[in-house]
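Step one of this worksheet: look at the structure below.
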Amino acid sequence: MTETLHAGEQLMADVNQAWSVDEALSYAAQIDAMGLGWLEEPVRADLPTADWAELAAGFKTPLAGGENIAGHTEFAAAISARHLSVVQPGCASVARNVRDAGLRYCPHFLGGGIGLIASGHLLAAVGGDGMLEVDVNPNPLRDAFDAAEVKGSGLFAISEAPGLGVEHLPEELAQYQTLSLEARV
Numbered sequence: 093m094t095e096t097l098h099a100g101e102q103l104m105a106d107v108n109q110a111w112s113v114d115e116a117l118s119y120a121a122q123i124d125a126m127g128l129g130w131l132e133e134p135v136r137a138d139l140p141t142a143d144w145a146e147l148a149a150g151f152k153t154p155l156a157g158g159e160n161i162a163g164h165t166e167f168a169a170a171i172s173a174r175h176l177s178v179v180q181p182g183c184a185s186v187a188r189n190v191r192d193a194g195l196r197y198c199p200h201f202l203g204g205g206i207g208l209i210a211s212g213h214l215l216a217a218v219g220g221d222g223m224l225e226v227d228v229n230p231n232p233l234r235d236a237f238d239a240a241e242v243k244g245s246g247l248f249a250i251s252e253a254p255g256l257g258v259e260h261l262p263e264e265l266a267q268y269q270t271l272s273l274e275a276r277v
């Protein structure tokens, strides 16, 4: 499957916690043969460490997760256990812990454009060899932001201006607005 990729491209897969440990292990040889960059959450994120250790031992393909891990304690346990090669938290302190442990930090944010831009800034601030995960499906809440666009070279440029570089919401997002609040001083 990966033979159709262009130079520098990688293919990853996300199972979205759909399999049992036995199901995931039954696919291990086939998945390993595909040459994936990682396999994301093949089982529930909250399964015991022993289950994740069994998965990590049964796969050559790096395992990824983090979007369904909640809290510093849970991330610390996952980082310490080292069953994930790629950890996908959304906050700087956990991302630094991932990097300090010698694991790969790749933020996972597939919602709106502002969140994706913030994830890009966080990745740049934390550094390392991580990648910014960007969904390829159409997403009007992301696609309306020029700054949330991946360029043809696969690069995601971030603004050097203070903050995220988003000064105004794109007009095409008005149709999705459900609430408006105004602060008065």
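Counting in my numbering, the sequence shown runs from 93 upward without gaps.
Where a beta carbon is used, it is the ideal one built from N, C-alpha and C, also for glycine.
This structure is a prediction, so every number in the text was calculated from the model and none was measured.
{"Query": "Identity of the residue in A148, E146 and L176 nearest N160 by Cα", "Result": "L176"}
{"Query": "Beta strand (DSSP E) segment containing A156, residue limits", "Result": "L155 to G157"}
{"Query": "Whole-angstrom distance between P140 and E166, CA atom to CA atom", "Result": "11 Å"}
{"Query": "Touching by the beta-carbon criterion (3+ pairs, under 8 Å), the segment 226 to 241 and the segment 179 to 193", "Result": "no"}
{"Query": "Alpha-carbon to alpha-carbon, A184 and L214", "Result": "7 Å"}
{"Query": "Three-state secondary structure (DSSP) of Y119", "Result": "coil"}
{"Query": "7 Å CB neighbourhood of V218 in its chain, flanking five on each side removed", "Result": "A184, A187, R188, R191 and Y197"}
{"Query": "Ordered list of beta strand (DSSP E) runs contained in the segment 154 to 201, each at least 3 residues", "Result": "155 to 157"}
{"Query": "Contacts around G150, its chain only, beta-carbon distance under 6 Å, and the 5 residues preceding and following it disregarded", "Result": "L117 and A120"}
{"Query": "E133 (DSSP reduced to helix, strand or coil)", "Result": "coil"}
{"Query": "Within 8 Å, strictly: CB atoms of Q109 and E146", "Result": "no"}
{"Query": "Burial state of S172 (16 or more Cβ within 10 Å)", "Result": "exposed"}
{"Query": "P181 versus A275: straight-line alpha-carbon distance, rounded", "Result": "31 Å"}
{"Query": "Inter-residue spacing [alpha-carbon to alpha-carbon] between A240 and Q122", "Result": "34 Å"}
{"Query": "A266 - containing alpha helix (DSSP H), residue span", "Result": "Here A266 belongs to no alpha helix (DSSP H), and DSSP marks it neither H nor E."}
{"Query": "Bridge partner(s) assigned by DSSP for E225", "Result": "H200"}
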